[in-house]
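If you read the protein sequences in the order shown, they are chains A and B.
All residue numbers for the first sequence refer to the working numbering, where the first residue is 1 and numbers rise by one.
All residue numbers for the second sequence refer to the working numbering, where the first residue is 1001 and numbers rise by one.
Glycine is no exception: its CB is placed at the ideal position from the N, C-alpha and C atoms.
Protein chains: 2
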Amino acid sequence: MPKTKKKTSDQPKFARQSAEVRREMLVEAGIACLAKDGILGFTIDRICAEARVSRGLITHHFKSIDGLLAAVYDTMYGKVLSVIEESGVSTTPEARLVGIIDAMFSREFFNRESLNIWLALWGEIANNPALLKVHRKQYARYRADIERALLDVANARGLTIDAGFVAMMLVSLVDGLGVEWFIEPKLLSAKAAREACFRLLEPILGPLR
Amino acid sequence: MPKTKKKTSDQPKFARQSAEVRREMLVEAGIACLAKDGILGFTIDRICAEARVSRGLITHHFKSIDGLLAAVYDTMYGKVLSVIEESGVSTTPEARLVGIIDAMFSREFFNRESLNIWLALWGEIANNPALLKVHRKQYARYRADIERALLDVANARGLTIDAGFVAMMLVSLVDGLGVEWFIEPKLLSAKAAREACFRLLEPILGPLR
DNA sequence: TACGTTATTATATGGTAGTTCAATAAGGAA
DNA sequence: TTCCTTATTGAACTACCATATAATAACGTA
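This is the structure in structure tokens:
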């Protein structure tokens, strides 16, 4: 009885991939493991099983398991940033800000798998120098994007705000809502989380919707 | 050269403790390990070394390492709740709410060790049924306390608010501010975090300070 | 077709994980 | 003082961890 893939002797045992492609595959496998079992599920054995490759590959393409974790973090942030930075580039400042908030609580990011990953990563940043380095780069960009969006709305409305401080509040609230919802999903919906952001911002910026 | 403790043959090799006392000691050792290295530092070997006991004790007093982790979570929440519930019981509603917020960002709770512990625990809740059970009990109490404090202020001022929703916003913001500060301490101070909470609440409840 | 580069596999290794359990001994009770 | 309960120890055991490395083989190139 043949397995799903026939294993006749004339077909290759494995397919070689370029370093770039294989790295990407391993990162995605790492993300899947993190989503499934948190940081304790992020092991060489499980990731390689997920990616259907042998154990040696992670060490070969990333120097170590920590190197892969850093790459995972980079990729996760990259996904969020690309959506934020493409969110309504050629529209009004208000629509852009609303678009960013909507994106944050869209199914793509506001789901249990993603939040499990973020929580696993946050818990390791303080103990993993490679992770901290990646974080510093990406977080600065993230906060700058939010600050810019807030400032644009304020300027368009002739308001003077401490955009850095408001950005910090918004970022904190978004992260906190994610944590609450992840831990106790019944008490909160994506819609309610979105609403909470507007309840924070509208007293500062005026009506946004 | 004798060690710090003399080891003459007539003194006991170890001191027996009541189950309650020993459990408490192991929980504190577990907290110390979690604070130091996050969830990856929460191992039998390290905790027993921290508590200066042999490896068999954790299994004896808690059924497993997960049992200890659940007890740690219970203890951590208990510390927060006792402070919240004792915060200004016989004073004005406003002073009580301000007292709770001040307590949240006091040195006792708003410090790197504590936040490292919370992040480690949050990351495990979804994957550890024992932890989830403890969480449900304590979190409900926590949220109820906050909701009560908010409602008391609103009632005293003749305001109608959705206390449940506002409580959820406040709890989220507090958690999120903790995460931000933990990950990037330079961008935020305890004072600024406290200020952020008032910026959220005062548009809803009026001046609180 | 034959060659050479190197991605990939597969095994070995040393370390550490959690749990079990028989032996030990502390310390209260009789 | 002697006995008894049981907290505590410490070693054994199995499983899994990350990493190093030699052998293998895919596949572009000549």
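#1: Are the C-beta atoms of F1182/B and some chain A residue less than 8 Å apart?
#2: Who are the near neighbours of M1001/B in its chain, counting only those whose CB is closer than 8 Å to its CB and skipping five residues on each side?
#3: Can you find at least 3 beta carbon pairs, one from the segment 172-185 of chain A and one from the segment 1176-1189 of chain B, that sit closer than 8 Å?
#4: Output yes if chain B places a C-beta closer than 8 Å to the C-beta of A32/A; else output no.
#5: Sort A1051/B, A1071/B, H1061/B and R1112/B by Cα distance to S1189/B and report the nearest one.
#6: If you follow the alpha helix (DSSP H) that I47/A is part of, which residue opens it and which one closes it?
#7: Beta-carbon of S64/A versus every beta-carbon of chain B: anything under 8 Å?
#8: Please list the residues of the segment 147-179 of chain A that have a C-beta atom closer than 9 Å to any C-beta atom in chain B, keeping them in chain order.
#9: I want to see whether chain A comes within less than 8 Å of G1206/B, judged by CB atoms only; does it?
#10: Look up K6/A in the DSSP assignment and say whether it is helix, strand or coil.
#11: Which residue marks the beginning of the alpha helix (DSSP H) containing G67/A, and which one marks its end?
#12: So what's L188/A in DSSP terms, helix, strand or just coil?
#13: Apart from the five residues just before and just after F165/A, which ones in its own chain have a Cβ nearer than 8 Å to its Cβ?
#14: For the alpha helix (DSSP H) containing G38/A, name the first residue and the last one.
#15: Whose C-alpha, out of L115/A, D145/A, F109/A and I65/A, is nearest the C-alpha of P93/A?
#16: Spell out whether any CB of chain B is found under 8 Å from the CB atom of A120/A.
#17: Would you mind working out which of A1126/B, L1115/B and K1013/B sits nearest I117/A, comparing C-alpha positions?
#18: By Cβ distance, which residues of its chain are closer than 6 Å to T1004/B, with the 5 residues on each side in sequence left out?
#19: State the DSSP-derived secondary structure class of T1160/B, mapped to helix, strand or coil.
#20: Going along chain A in order, which residues have a C-beta closer than 7 Å to the C-beta of G1123/B?
In brief:
#1: Residue mapping note: residue 1182/B aligns to position 182 of the second sequence, counting from 1. It does; some Cβ of chain A falls within 8 Å.
#2: Taking the second sequence and counting its residues from 1, the one referred to as residue 1001/B is at position 1. Model confidence at M1001/B stands at a pLDDT of 36, short of 50, so the residue's coordinates are unreliable; what they give is reported in the following sentence. No residues qualify anywhere along the chain.
#3: In the pairwise beta carbon analysis, the segment 172-185 of chain A is classified as touching the segment 1176-1189 of chain B: at least three pairs are separated by under 8 Å.
#4: Locating residue 32/A in the first sequence gives position 32, where the first residue counts as 1. So, not an interface residue.
#5: In the second sequence, residue 1189/B corresponds to position 189, counting from 1. With distances taken between Cα atoms, S1189/B lies closest to R1112/B.
#6: Against the first sequence, residue 47/A aligns to sequence position 47. Looking at the DSSP string, the run of the alpha helix (DSSP H) that includes I47/A is I44 to A51.
#7: As a working mapping, residue 64/A is identified with position 64 in the first sequence. Put simply, the CB of S64/A is far from chain B, with every gap to its CB atoms at 8 Å or more.
#8: Answer set for the segment 147-179 of chain A: G164, F165, V166, M168, M169, V171, S172, L173, V174, D175, G176, L177, G178 and V179.
#9: Locating residue 1206/B in the second sequence gives position 206, where the first residue counts as 1. By this cut-off, G1206/B is not an interface position.
#10: Position 6 of the first sequence, counting from 1, holds the residue named residue 6/A. With a pLDDT of 40 at K6/A, under the threshold of 50, the modelled position of this residue cannot be trusted; read the value that follows with caution. Correct three-state label for K6/A: coil.
#11: Against the first sequence, residue 67/A aligns to sequence position 67. Per DSSP, G67/A belongs to the alpha helix (DSSP H) from I65 to E86.
#12: Residue 188/A sits at position 188 when you count from the first residue of the first sequence. In the structure shown, L188/A sits in coil (DSSP, three-state: anything other than H, G, I, E or B).
#13: Counting from one through the first sequence, the residue named residue 165/A turns up at place 165. For F165/A, where only same-chain residues beyond five positions count, there are no Cβ hits under 8 Å.
#14: Walking along the first sequence from the start, residue 38/A turns up at place 38. Careful: G38/A lies outside any alpha helix (DSSP H) and carries neither H nor E.
#15: Here residue 93/A corresponds to residue number 93 of the first sequence, with the count starting at 1. Closest option to P93/A, Cα to Cα, is D145/A.
#16: Residue numbering aside, residue 120/A sits at position 120 when the first sequence is read from its first letter. Yes, its Cβ sits closer than 8 Å to a Cβ of chain B.
#17: The residue labelled residue 117/A in the question sits at position 117 within the first sequence. With distances taken between Cα atoms, I117/A lies closest to A1126/B.
#18: The sequence position of residue 1004/B within the second sequence is 4, counting from 1. For T1004/B, the predicted structure reports a pLDDT of 38, less than 50, and the residue's modelled location is therefore unreliable. A value from the coordinates is still provided. No residues qualify anywhere along the chain.
#19: For the purposes of this step, residue 1160/B is identified with residue 160 of the second sequence, where counting begins at 1. In the structure shown, T1160/B adopts coil according to DSSP, grouped into three states.
#20: To locate residue 1123/B, count along the second sequence from 1; it is residue 123. Correct list: G38, I39, L119, A120 and G123.
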